Amino acid sequence: MQGKGLLIGLSVTLRHFFSRKETVQYPEEKLVMNDLFRGGRLILNEKKCISCKLCAMACPNEALALTVEIDEQKKRHMKKYVHKSGRCLYCNFCVEACPTKAITWDKNYEIACYHIEELTYDAVKRNKEDENNEY
Amino acid sequence: MHEGLLVNLTVFLTRIAEFIFGNIFIAQLFIVLLEIVVIFAVISLAVIIQVYMERRICGLIQDRFGPNRVGPFGLLQTVADMIKLMSKEDIVPAKAEKLLWGITPMLLFIPAALVYAVFPFDNGVIFADIGIGIFFVIAVMSQGVLLFLLGGYASENKYSFMGAMRAVAQMLSSEIPIAFSILAIVMMTGSLRMSDIVSAQSGIWFIAVQPLAFIIFIIAMLMETNRTPFDLVEGEAEIIAGPFTEYSGMRWALFFLAEYTNLLAAAILTVTLFLGGWQGPFLPGISWFILKVFAVIFVFMWIRWTFPRTRIDQMMALSWKVLLPLALFNIMATGIGIYIYKWIY
Chain A
23 MQGKGLLIGL SVTLRHFFSR KETVQYPEEK LVMNDLFRGG RLILNEKKCI SCKLCAMACP
83 NEALALTVEI DEQKKRHMKK YVHKSGRCLY CNFCVEACPT KAITWDKNYE IACYHIEELT
143 YDAVKRNKED ENNEY
Chain B
45 MHEGLLVNLT VFLTRIAEFI FGNIFIAQLF IVLLEIVVIF AVISLAVIIQ VYMERRICGL
105 IQDRFGPNRV GPFGLLQTVA DMIKLMSKED IVPAKAEKLL WGITPMLLFI PAALVYAVFP
165 FDNGVIFADI GIGIFFVIAV MSQGVLLFLL GGYASENKYS FMGAMRAVAQ MLSSEIPIAF
225 SILAIVMMTG SLRMSDIVSA QSGIWFIAVQ PLAFIIFIIA MLMETNRTPF DLVEGEAEII
285 AGPFTEYSGM RWALFFLAEY TNLLAAAILT VTLFLGGWQG PFLPGISWFI LKVFAVIFVF
345 MWIRWTFPRT RIDQMMALSW KVLLPLALFN IMATGIGIYI YKWIY
């Protein structure tokens, strides 16, 4: 019948009119990033870290500047774990290179900042700050 | 039939004005001016609501929310847009016919607003219940064509001019099916007076008696008001914005205003002719009227966001080869129907 398609079209749009909306109301509600998402800042688990520097060696852009200290018992400690995220290309090689799975992404996508210095941060220092904030 | 709420209000205000001015003539003149102001206020408010509605319905159909940030539920979005448009720079094209170009947006609003004089908003609430009401509507509504042509011509822009030519072609070919579909209604009521047409529907709405005329009228009205699927006048993909191409800021806002005023007029006309006007049980007439009008506007918007734009030749073919013969057939059928009806009773 002529015009049947028009009615079908109208029914489709009416169904969408009442259906669930896809828009995420951004500042109020945020999308949860999936497991494969690479981005944000690196989180260093200092208990797992063996200070082997393999992550820094894997980095193609030399975005990681690590300072390792060896104490009297010849144990290695991570003093500074500086991630220059301005240089980082988020290739995930550091995370893959880690033998103890000590580094992960925090999956935060709101990393835009006003000053270039804010791009560089120390993961160890951040851990300490977080500890201080918790207590 | 109950006396409308607004009629009593008008009588009350007339008494007050008479008391203040001490002269019945001045009091009545004051009331007439007040009514004009009220009509303009109603138009402006309705346009703001319609623009919000349009964007909201568009969003909801496309699985979005639409404007929901400015004010509660985004209700003030249109107001914000209007402020933006008013504060924009007034750009006049160097080669335009400045006078014609400048007055066109203002003139365009006149026929759009003039038809509201004969719309029955409630029982007895009608600015001018003239004997040729519906004829007046058809005559005045078609004046808009001239101004589209004027605006397109004065812009000195090929897209504007092309859009203007299209506007003329489209509106001429939509006027005739509209007139013929209305003629069937007029044949049944035997009167051109708007209030008579409404009161003739106290038993049964004309949509039930004249379904074919209703469909023809709706399609032709979509053409007349330049709404998708027949918005060829401003078809963005082909001719940028048609006659509005060179207009910006406040002048463009006036075009926009006239467009939505026409849409509201189309909805009011549909309600008056086919959906029983202000008539309905329980609620006062004006609320039935508003409900029906916005239901019709919703249907118009629903259609707009469902169908893609037609080609100009398809539209012309639909109008002249399908709608016009159908409307003529409908008139003949109505005539035969009336004859049989009179013969039986």
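Top to bottom, those sequences are chains A and B. Under our numbering, the residue at position 70 of the first sequence is numbered 92, and the numbers go up by one with no gaps. Under our numbering, the residue at position 113 of the second sequence is numbered 157, and the numbers go up by one with no gaps. Even for Gly, the Cβ is constructed at its ideal location relative to N, Cα and C. From a predicted model like this one, the values you see are computed outputs, not experimental measurements.
Those residues of the stretch 98 to 109 of chain B placed with their C-beta closer than 9 Å to a C-beta in chain A are 101, 103, 104, 105, 106, 107, 108 and 109, ordered along the chain. Against residue 52 of chain A, chain B offers no close residue; the least beta-carbon distance is about 16 Å (beta-carbon pairs closer than 8 Å). For residue 103 of chain A, the beta-bridge partners assigned by DSSP are A/88.
In the DSSP assignment, residue 96 of chain B falls within the unbroken alpha helix (DSSP H) covering 68 to 105.
A distance below 7 Å between beta-carbons, with the five flanking residues on each side excluded, links residue 103 of chain A to the following residues of its chain, in chain order: 66, 88, 144, 145 and 146. Following the DSSP letters along the chain, one finds residue 144 of chain A inside the beta strand (DSSP E) bounded by residues 142 to 144. Non-local C-beta neighbours of residue 115 of chain A in its own chain, meaning closer than 6 Å and more than five positions away in sequence, comprise 80, ordered along the chain.
A/74 is the residue among A/30, A/74, A/31 and A/33 whose C-alpha sits nearest the C-alpha of residue 97 of chain A.
Per DSSP, residue 269 of chain B lies in no alpha helix (DSSP H) and is assigned neither H nor E.
A residue is called buried once 16 or more other Cβ atoms fall within 10 Å of its Cβ, and residue 336 of chain B is buried on that count. In terms of Cβ geometry, residue 236 of chain B and residue 196 of chain B do not form a close pair [threshold 8 Å]. In this structure, the straight-line span from the alpha carbon of residue 367 of chain B to that of residue 296 of chain B is close to 32 Å. Residue 351 of chain B belongs to the set of residues whose beta carbon lies under 8 Å from a beta carbon in chain A. Contacts with chain A (Cβ-Cβ distance below 8 Å) from the stretch 329 to 361 of chain B involve 346, 347, 349, 350 and 351, listed in chain order. Non-local beta-carbon contacts of residue 257 of chain B in its own chain, meaning distances under 6 Å to residues more than five positions away in sequence, involve 225, 228 and 374 in chain order. In the three-state reduction of the DSSP assignment, residue 166 of chain B falls in the strand class. Taking 8 Å as the cut-off, the Cβ atoms of residue 278 of chain B and residue 310 of chain B do not count as close.
Take the alpha-carbon of residue 230 of chain B and the one of residue 65 of chain B: they are about 42 Å apart. Residues of chain B whose Cβ lies closer than 7 Å to the Cβ of residue 43 of chain A are, in chain order, 107, 108 and 109. Short of 8 Å from the beta carbon of residue 170 of chain B, and not among the five residues preceding or following it, lie these beta carbons of its own chain, in chain order: 162, 163, 164, 238 and 239.
Look at residue 353 of chain B here: in three-state DSSP terms it is coil, with no helix or strand label. Positions of the alpha helix (DSSP H) runs, each at least 4 residues long and wholly inside the stretch 181 to 235 of chain B, are given as 188 to 198 and 202 to 233 in order along the chain. As for any alpha helix (DSSP H) of minimum length 4 sitting wholly inside the stretch 111 to 146 of chain B, the runs are 121 to 130, ordered along the chain. Under the three-state reduction of DSSP output, residue 327 of chain B falls in the coil class, being neither helix nor strand.
Secondary-structure assignment with DSSP links residue 283 of chain B through no beta bridge to anything.
A direct Cα-to-Cα measurement between residue 315 of chain B and residue 198 of chain B gives close to 36 Å. The three-state secondary structure of residue 317 of chain B, taken from DSSP, is helix. Counting every other CB atom within 10 Å of its CB across the protein chains shown gives residue 181 of chain B a total of 16 or more, marking it as buried.
Rounded to whole angstroms, the separation of the alpha carbons of residue 160 of chain B and residue 381 of chain B is 32 Å. Bridge partners of residue 126 of chain A according to DSSP: A/65. Taking 8 Å as the CB threshold, residue 31 of chain A lines the interface with chain B. Apart from the 5 residues on each side of it in sequence, residue 129 of chain A sits with its Cβ closer than 7 Å to the Cβ of 55, 59, 61 and 62 in its chain, given in chain order. At a Cβ-Cβ threshold of 8 Å, residue 50 of chain B and residue 166 of chain B count as neighbours. When the alpha-carbon of residue 351 of chain B is set against those of B/117, B/263 and B/283, the nearest one is in B/263. Under DSSP, residue 98 of chain A shares a beta bridge with A/92.
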